[in-house]
Amino acid sequence: VASRGAAELEFARLTADEQVRSLELRLQEVEAADMEHAEAASVGAAEVKSAARQAQECEVAIAAIEEELRQSREVRETMAEELHFAASSEEALLQELMAERIERNRLTNGESVCRVVDEECKAFEAE
Numbered sequence: 004v005a006s007r008g009a010a011e012l013e014f015a016r017l018t019a020d021e022q023v024r025s026l027e028l029r030l031q032e033v034e035a036a037d038m039e040h041a042e043a044a045s046v047g048a049a050e051v052k053s054a055a056r057q058a059q060e061c062e063v064a065i066a067a068i069e070e071e072l073r074q075s076r077e078v079r080e081t082m083a084e085e086l087h088f089a090a091s092s093e094e095a096l097l098q099e100l101m102a103e104r105i106e107r108n109r110l111t112n113g114e115s116v117c118r119v120v121d122e123e124c125k126a127f128e129a130e
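With this note's numbering as the guide, the letters of the sequence shown map in order to residues 4 to 130.
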């Protein structure tokens, strides 16, 4: 009975030792998985920080582009106003030049008419 009890105790101890080893292996697996999760979380946190930094850089770049676009629009509007003014000025100048040319032609035509009349008068007087 005593040897049977000793055998049962030895079996129980071996079973307990095997359970302890099994639990230790399981603990190592859990600790390894926990470390992997911690590393992944660390990498994930770094990626989130990097993405946040990139998003902030994009926002700064967008603001700079929007400012450049605003300035370009202002320049375009200013140039359009200057072109309109130049076109108006050019049109006024052309009208002034045309008026001068018409007046000069009128005077030249008037002188020609006077010359023709003078010649006709001289011819008439000569007859």
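Note that CB positions come from ideal geometry on N, CA and C, so glycine has one too.
Among the residues of its own chain, which have a CB less than 8 Å from the CB of residue i, if the five just before and after it don't count?
| i | result |
| --- | --- |
| Leu12 | none |
| Arg24 | none |
| Ser53 | none |
State the Cα-Cα distance for the pair residue i and residue j, rounded to the nearest angstrom.
| i | j | result |
| --- | --- | --- |
| Cys117 | Glu103 | 21 Å |
| Gln31 | Glu62 | 46 Å |
| Leu28 | Glu21 | 10 Å |
| Ile65 | Arg73 | 12 Å |
| Arg79 | Leu86 | 10 Å |
| Ser6 | Val33 | 39 Å |
| Ala89 | Gln98 | 14 Å |
| Glu39 | Ala48 | 14 Å |
| Glu94 | Ala83 | 16 Å |
| Glu123 | Asn112 | 16 Å |
| Ser91 | Gln59 | 48 Å |
| Val120 | Phe127 | 10 Å |
Per DSSP, what kind of secondary structure is residue i in: helix, strand or coil?
| i | result |
| --- | --- |
| Glu130 | coil |
Note down, in chain order, each residue of its chain lying with its Cβ closer than 7 Å to the Cβ of residue i, except the 5 sequence neighbours on either side.
| i | result |
| --- | --- |
| Leu110 | none |
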